[in-house]
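Notes follow once the structure below has been shown.
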Amino acid sequence: AQSVTQLGSHVSVSEGALVLLRCNYSSSVPPYLFWYVQYPNQGLQLLLKYTSAATLVKGINGFEAEFKKSETSFHLTKPSAHMRDAAEYFCAVSDRGGGGNKLTFGTGTQLKVEL
Amino acid sequence: ETGVTQSPTHLIKTRGQQVTLRCSSQSGHNTVSWYQQALGQGPQFIFQYYREEENGRGNFPPRFSGLQFPNYSSELNVNALELDDSALYLCASSLAGANVLTFGAGSRLTVL
Chain A
2 AQSVTQLGSH VSVSEGALVL LRCNYSSSVP PYLFWYVQYP NQGLQLLLKY TSAATLVKGI
62 NGFEAEFKKS ETSFHLTKPS AHMRDAAEYF CAVSDRGGGG NKLTFGTGTQ LKVEL
Chain B
26 ETGVTQSPTH LIKTRGQQVT LRCSSQSGHN TVSWYQQALG QGPQFIFQYY REEENGRGNF
86 PPRFSGLQFP NYSSELNVNA LELDDSALYL CASSLAGANV LTFGAGSRLT VL
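Residue numbers (our numbering), protein chains in the order written: chain A, 2 to 116; chain B, 26 to 137.
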């Protein structure tokens, strides 16, 4: 069975500071990995995905994530936080069967950005 | 192109009742998935539909059922509602074989 663990249910950073949201995965087969963002009262929006090409993946809004097989990690980073980045972030994993449409999500990390 | 639209956005039901939630897929998408997101939790996969048939199911009881129509829109039906069914229900569409889901804004169900 696949799973993801997001360390830290709440992360607070100052505007302009580095954002680091942690995600570790467990999968018996090479996974697809995703980061989604959820703003209040909205659905999930894809930030970026890893599907076995480059291990450093660049996404929207200046976010990127690095796939590290040896550490089973897929941490999300952004060099400089903006107020508009305040939202909940979900890491997700899927296997490669069925087109990767069945996602297993972590419990989420609420990002707070302070002035 | 239109995204995924869900209705209703909010609804309140009482225990034992039945509910139907609706989803219109993004134009060109032929696969629909449903997820349940309880308060403070990540979404959990309920099931997926492709070519009007269920094509994968998560750990949900049979009282959760669905339909997909020829135009790829979908319904989620929940019978004999329980308090724990209170959640945000998210619909997502995709192309079969693709690995990117487009999510709707969800239907928030409250069971009293």
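Backbone N, C-alpha and C fix where the C-beta goes; we use that ideal spot for every residue, glycine too.
C-alpha gap between residue i and residue j, whole angstroms
| i | j | result |
| --- | --- | --- |
| D109 of chain B | R23 of chain A | 29 Å |
| L45 of chain A | F72 of chain B | 17 Å |
| L64 of chain B | T108 of chain A | 10 Å |
| S32 of chain B | Q7 of chain A | 31 Å |
| S139 of chain A | Y26 of chain A | No information on residue 139 of chain A is available, as it lies outside the stretch 2 to 116 that chain A covers here. |
| P80 of chain A | E78 of chain B | 44 Å |
| Q111 of chain A | L126 of chain B | 22 Å |
| V44 of chain B | P31 of chain A | 38 Å |
| S118 of chain B | V29 of chain B | 7 Å |
| K59 of chain A | A2 of chain A | 27 Å |
| A123 of chain B | Q66 of chain B | 26 Å |
| L137 of chain B | I37 of chain B | 7 Å |
| F68 of chain A | S49 of chain B | 34 Å |
Whole-Å CB distance - residue i paired with residue j, under 8 Å assumed
| i | j | result |
| --- | --- | --- |
| L70 of chain B | L57 of chain A | The sequence shown places Phe at residue 70 of chain B, not Leu. Rounded, the Cβ-Cβ distance is 28 Å, inconsistent with contact. |
| V114 of chain A | E16 of chain A | 6 Å |
| T27 of chain B | Q51 of chain B | 7 Å |
| A112 of chain B | Q62 of chain B | 6 Å |
| P68 of chain B | Y60 of chain B | 4 Å |
| R47 of chain B | E100 of chain B | 6 Å |
| Y51 of chain A | F75 of chain A | 6 Å |
| Y114 of chain B | G131 of chain B | 6 Å |
Cβ-based burial, residue i [other Cβ within 10 Å; buried from 16]
| i | result |
| --- | --- |
| Y33 of chain A | buried |
| S4 of chain A | exposed |
| K70 of chain A | exposed |
| E89 of chain A | buried |
| H11 of chain A | exposed |
| N102 of chain B | exposed |
| S29 of chain A | exposed |
Residue i versus the options, residue with shortest Cα-Cα distance
| i | options | result |
| --- | --- | --- |
| G129 of chain B | B:T39, B:R88, B:G53 and B:V57 | B:V57 |
| L21 of chain A | A:L47, A:Q39, A:A66 and A:K50 | A:A66 |
| D86 of chain A | A:K59, A:S28, A:Y26 and A:A18 | A:A18 |
| R88 of chain B | B:S49, B:L106 and B:E78 | B:L106 |
| Q43 of chain A | B:N124, B:C116 and B:G122 | B:C116 |
| N55 of chain B | B:R133, B:L126, B:T127 and B:A121 | B:A121 |
| C92 of chain A | A:V38, A:T52, A:K59 and A:A2 | A:V38 |
| G53 of chain B | B:R40, B:K38, B:L36 and B:N96 | B:N96 |
| A82 of chain A | A:G63, A:S74 and A:F35 | A:G63 |
| N104 of chain B | B:G131, B:R76, B:F85 and B:G81 | B:F85 |
| F106 of chain A | A:G9, A:W36 and A:S53 | A:W36 |
| L48 of chain A | A:G9, A:L77 and A:D96 | A:L77 |
Contact test: residue i Cβ vs the ligand SAH heavy atom, cutoff 8 Å
| i | result |
| --- | --- |
| A88 of chain A | Among the components of this structure there are no ligands whatsoever, and the ligand SAH is therefore not found. |
Start and end residues, beta strand (DSSP E) containing residue i
| i | result |
| --- | --- |
| N25 of chain A | V20 to S27 |
| K79 of chain A | S74 to K79 |
| R133 of chain B | S132 to V136 |
| Y97 of chain B | Neither: Y97 of chain B is in no beta strand (DSSP E) and is coded neither H nor E. |
| L106 of chain B | Per DSSP, L106 of chain B belongs to no beta strand (DSSP E) and is neither H nor E. |
| V114 of chain B | Here residue 114 of chain B turns out to be Tyr, not Val, going by the sequence shown. Note, Y114 of chain B: beta strand (DSSP E), A112 to S119. |
| L57 of chain A | L57 to K59 |
| Q69 of chain B | Q69 to Y75 |
| R47 of chain B | V44 to S49 |
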